[in-house]
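Residues in the sequence shown are numbered from 1 upward in steps of one, following full-length UniProt numbering.
Using N, Cα and C, we set each Cβ at its ideal position, and we do this for glycine too.
It should be emphasised that the depicted structure is a prediction, and the values quoted were computed from it without experimental measurement.
Inspection log for the structure reproduced underneath, given as structure tokens.
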Amino acid sequence: MNFVAMDFETASAKRDSACSLALTIVRDSQVVDEFYTLIKPETDFFWRNVQIHGIHAEDVADAPKFPAVWAHIAPFFKRDRLVIAHNAPFDTGVLRQTLAHYGIGAPEYLSLDTVKTSKKFFPELPNHKLDTMCRALDIELEHHHNALDDSLACANILLQEANQFGTERLKPFVRVQG
């Protein structure tokens with residue numbers, strides 16, 4: 001399998017307030033690279049978000065704004081590329097609204113939500129949150145709500161599902177974004 005697992009953290013409830021992003025790149029069913037960056041949002045930090053992910057305004061004071069990050073990661077978001085996320089509507093919404101905030105056109109790419117695949121393949125679990133799935137599948141999740149740890153965990157969830165259930169059973173979950 002070839003895909004990119006994406007995870008955003010936001011400064012507030014506003015979807016265009018990305019303050020960190022991680023990508024985990026998988027080629028031939030192996031993690032081959034990772035990307036992580038803090039992002040300086042153009043909004044104030046809300047205490048609840050800080051409580052969840054631990055990123056403060058002073059942490060991102062010298063971080064790039066999203067357009068500089070996008071220049072680096074845009075090649076991963078192409079029509080034939082699969083980008084996954086755990087709770088993909090959140091992460092794809094952050095990407096779409098942050099791009100719109102800066103007047104950057106949203107790309108077309110393939111998307112898959114590992115929450116949906118997890119609900120299908122593991123209906124017996126009490127919930128399908130990232131930490132619950134990691135415990136159930138014995139996947140390491142060192143720092144939940146650290147974008148890099150979360151994106152790696154998401155990648156490993158999909159790899160385990162593909163190994164256990166086959167890639168053909170994952171295809172119905174793929175959607176076009178953009």
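With fewer than 16 neighbouring CB atoms inside 10 Å of its own CB, residue 13 falls in the exposed class. With fewer than 16 other beta carbons inside 10 angstroms of its own, residue 102 counts as exposed. In this structure, the straight-line span from the alpha carbon of residue 122 to that of residue 90 is close to 21 Å. Residue pairing from DSSP places residue 30 in a beta bridge opposite 27. DSSP places residue 7 inside the beta strand (DSSP E), whose first and last residues are 3-10. Put simply, of 165, 152, 163 the residue whose alpha carbon is nearest the alpha carbon of residue 24 is 152.
In terms of CA proximity to residue 157, 85 leads the group 85, 19, 125. With a threshold of 16 other beta carbon atoms within 10 Å, residue 70 meets it and is buried. The continuous beta strand (DSSP E) containing residue 113 extends over residues 109-113.
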